[in-house]
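J.: Residue numbering for the sequence shown follows this note's numbering, starting at 1 and increasing by one per position.
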Amino acid sequence: MEKSNNFVVTIIFIIFFLPLLLASILFAKSEIFEREYSYQANEADNKFTCRAIALEQVKRLLLEELGTYLESETEVKNLALTKDKITTLTAGIVKTEIINEKWDGHTYRLKARIEANPDNVIKSINAIRKDRNKTKELEDLRVTVNSALKEIERLKNEIVLLKDKDKSKEINQYRETVKKLSAAEWSVVGFLLLNAGKYEEAINVYSKVIGLRNKDASAYTG
């Protein structure tokens, strides 16, 4: 009799609960996004500036791709968020992993990827949206990055127009602006680590930010 009851319970589990369990596992599956980016150096560039710009661009491509996926495939579309807002918030949630990189003195090539669980990302987006300080911090960093990229492009064009004239001032400005870009990007990484509770790693990252910002006191607060 006992064996018969166990058999019935097993059948009920298979019919009613196993499909739900399988659906849960499938939904929890992480999505992987990979992108490559090549940055061609100009006369003001060096290895550091090329890497910083290439890294920011490949991260942007990956985050935009993830944002598009979330917007079309998940309930994030019900949150009334713009794609730019989704990209801004996910920058502080998901980690970009560099798969390989190569510098030949003229071109910096980067291949990177993001692996993210959509369900977890949505939960994190909701959590950050409820914290005005965290949201503002990520938005301010996004503004800093965009501003630095515009200034980098402006200086790049200005350096080309100078032709045979002395360009040392503009080249120095260009490299300092790339340092600001890199500092902002590292600040986003620091935010991500703090948000994940990885405090020691975050301290190491913010130390890099301090180095890039030199004596900028705001670096000490992230």
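Ideal Cβ positions, reconstructed from N, Cα and C, are used throughout, including at glycine.
#1: Rounded to the nearest angstrom, how far is the Cβ of A202 from that of V145, given a contact under 8 Å?
#2: Quick one: what does DSSP say T82 is sitting in, helix, strand or coil?
#3: Suppose contacts are defined by Cβ-Cβ distances below 9 Å. Is F191 in contact with A116 by that definition?
#4: Roughly how many whole angstroms lie between the Cα atoms of W186 and E97?
#5: Can you list, in chain order, the residues of its chain with a C-beta nearer than 6 Å to that of D216? Leave out the 5 residues immediately preceding and following it.
#6: If we count Cβ pairs, one from each stretch, closer than 8 Å, do we get three or more for the stretch 89–106 versus the stretch 129–146?
#7: Please confirm whether I152 and L181 have their CB atoms less than 9 Å apart.
#8: The alpha helix (DSSP H) that contains S72, what's its start and end?
#9: Compare the C-alpha of D45 against each of Y206, V178, K150 and E200 and name the closest.
#10: Does the Cβ of G67 have 16 or more other Cβ atoms within 10 Å, making it buried, or fewer, making it exposed?
#11: Taking 9 Å as the threshold (C-beta atoms), are E158 and E176 in contact?
#12: Mind checking whether I99 and R113 have CB atoms under 9 Å apart?
#13: According to DSSP, T96 sits in a beta bridge with which residue or residues?
#14: Rounded to the nearest angstrom, how far is the Cβ of L70 from that of R35, given a contact under 8 Å?
#15: Under the three-state reduction of DSSP, which class applies to S38: helix, strand or coil?
#16: How far does the alpha helix (DSSP H) with S207 in it reach, from first residue to last?
#17: Give me the DSSP bridge partner(s) of I32.
#18: Where does E43 fall in DSSP's three states?
#19: Can you give me the C-alpha to C-alpha distance between D84 and N172, rounded to a whole angstrom?
#20: Grab the span of the alpha helix (DSSP H) containing D140 for me, first residue to last.
T.: Short version:
#1: Actually they do not touch by this definition, with Cβ atoms about 19 Å apart.
#2: coil
#3: no
#4: 14 Å
#5: Note that D216 scores a pLDDT of 47, beneath 50, so its modelled location is shaky; the value from the coordinates is reported in the next line. Excluding positions up to five away in sequence, the list is empty.
#6: yes
#7: yes
#8: K47 to E73
#9: V178
#10: buried
#11: no
#12: yes
#13: I114
#14: Actually they do not touch by this definition, with Cβ atoms about 16 Å apart.
#15: strand
#16: Y199 to R213
#17: E115
#18: coil
#19: 31 Å
#20: R132 to L162
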